[in-house]
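Chemist: Each residue of the sequence shown is one higher than the one before, counting from 17 in the working numbering. Even glycine gets a Cβ: it sits at the ideal position worked out from N, Cα and C. Predicted model, so just to flag it, every value in this text is computed and none were measured.
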Amino acid sequence: FGSARLLFLFAGIAAGLIFPLSAFVAVLEGLQKFAWLQLVQIGITLLRALLTIMVLLSGGKLLAIGTVGILINLLSYGIFAWMAWRILPVLLKIHDFDWHAFRAMLTYGAFALAIGLAEKLRFQSDAIVIGAFLPAAAVTFFSIASRLVEYSSHVVRGMSQVVTPMSSQFDATGDMLRLRRTFTAGNRACALIVFPLCVILLVLGRPIIEVWVGAKYVASYPVLALL
Numbered sequence: 017f018g019s020a021r022l023l024f025l026f027a028g029i030a031a032g033l034i035f036p037l038s039a040f041v042a043v044l045e046g047l048q049k050f051a052w053l054q055l056v057q058i059g060i061t062l063l064r065a066l067l068t069i070m071v072l073l074s075g076g077k078l079l080a081i082g083t084v085g086i087l088i089n090l091l092s093y094g095i096f097a098w099m100a101w102r103i104l105p106v107l108l109k110i111h112d113f114d115w116h117a118f119r120a121m122l123t124y125g126a127f128a129l130a131i132g133l134a135e136k137l138r139f140q141s142d143a144i145v146i147g148a149f150l151p152a153a154a155v156t157f158f159s160i161a162s163r164l165v166e167y168s169s170h171v172v173r174g175m176s177q178v179v180t181p182m183s184s185q186f187d188a189t190g191d192m193l194r195l196r197r198t199f200t201a202g203n204r205a206c207a208l209i210v211f212p213l214c215v216i217l218l219v220l221g222r223p224i225i226e227v228w229v230g231a232k233y234v235a236s237y238p239v240l241a242l243l
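Next up, the structure:
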């Protein structure tokens, strides 16, 4: 219990630090430094895996593994902040605060918040409804199917991190032709990726579920097909 409480404290501190540091990630995305972002992510992922294996082999438990994950996460955001400052060496000052820009960010943030809430409600609200009318075990069958669909949508979400900053740049410069081309090409690319994933889940959904969570949960395949 003491280790879990300490790990919860570390996670809270890390979340408080990561929240402002995520602005530097947005700066790099706005400057379209996607290659830099992904190279750092690849290196951080490999480092996290290596350190986790080392901790497990040395007999480390929950606290040690969780601490490694938290520190590695903070390291990645620290690297992003350093990269953003190298590219855009802006000295942050309170008196440079721009209320007009802040209002524009709030307007954008309101739509982004609504989209984020809708994304959460799309699958997670169903589990609440299922639990209210059916036994709790029924939630598991739905969660397995919805998780597979959610994993497949991560691919499109990753592509949006590239398309959205590009679209914002073309909209700000009034380049409607390139904005339309980006919109069309982005949707085509998403379709070319998602449609084969859908076919794979429909054709191989049962064996995928069996290998992932066991044969007794294959009954969640009809839910997967519907989603």
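Per DSSP, what kind of secondary structure is K77 in: helix, strand or coil?
Modeler: If DSSP states are grouped into helix, strand and coil, K77 belongs with coil.
Chemist: Span of the alpha helix (DSSP H) holding I110?
Modeler: Looking at the DSSP string, I110 is not in any alpha helix (DSSP H), and its letter there is neither H nor E.
Chemist: Under the three-state reduction of DSSP, which class applies to L104: helix, strand or coil?
Modeler: Reduced to three states, the DSSP call for L104 is coil.
Chemist: On the DSSP letters alone, give me the boundaries of the alpha helix (DSSP H) that Q15 sits inside.
Modeler: A query on residue 15 cannot be resolved here, the shown segment of the chain reaching from 17 to 243 and no further.
Chemist: May I ask you to report which of helix, strand or coil DSSP gives P151?
Modeler: Note: P151 maps to coil in three-state DSSP.
Chemist: Could you give the first and the last residue of the continuous alpha helix (DSSP H) run that contains V229?
Modeler: Taken as a continuous stretch (DSSP letters only), the alpha helix (DSSP H) holding V229 covers M192 to V229.
Chemist: So what's L137 in DSSP terms, helix, strand or just coil?
Modeler: Here L137 sits in helix by DSSP.
Chemist: Under the three-state reduction of DSSP, which class applies to L243: helix, strand or coil?
Modeler: Three-state DSSP puts L243 in coil, outside helix and strand.
Chemist: Among the residues of its own chain, which have a CB less than 7 Å from the CB of Q54, if the five just before and after it don't count?
Modeler: Nothing meets the Cβ criterion.
Chemist: Just mark L137 as buried or exposed, buried being the case when its beta carbon has 16 or more other beta carbons within 10 Å.
Modeler: L137 is exposed by the Cβ-count criterion.
Chemist: Give the straight-line distance between the Cα atoms of L164 and L217, rounded to the nearest whole angstrom.
Modeler: Straight-line Cα distance between these residues: approximately 8 Å.
Chemist: Going by other Cβ atoms of all chains shown within 10 Å of its Cβ, with 16 needed for buried, is V171 buried or exposed?
Modeler: Per the 10 Å Cβ criterion, exposed.
Chemist: To which residues of the same chain is G46 closer than 6 Å at the C-beta, ignoring the five residues directly before and after it?
Modeler: If we look at G46 and ignore the five residues flanking it on each side, its Cβ neighbours are P181.
Chemist: Under the rule that 16 or more other beta-carbon atoms within 10 Å means buried, what is M99, buried or exposed?
Modeler: The residue in question, M99, is buried, as its Cβ has 16 or more Cβ neighbours within 10 Å.
Chemist: Measuring CA to CA, which of G59, P151, L73 and A39 is closest to L108?
Modeler: When each option's Cα is compared against that of L108, the closest is A39.
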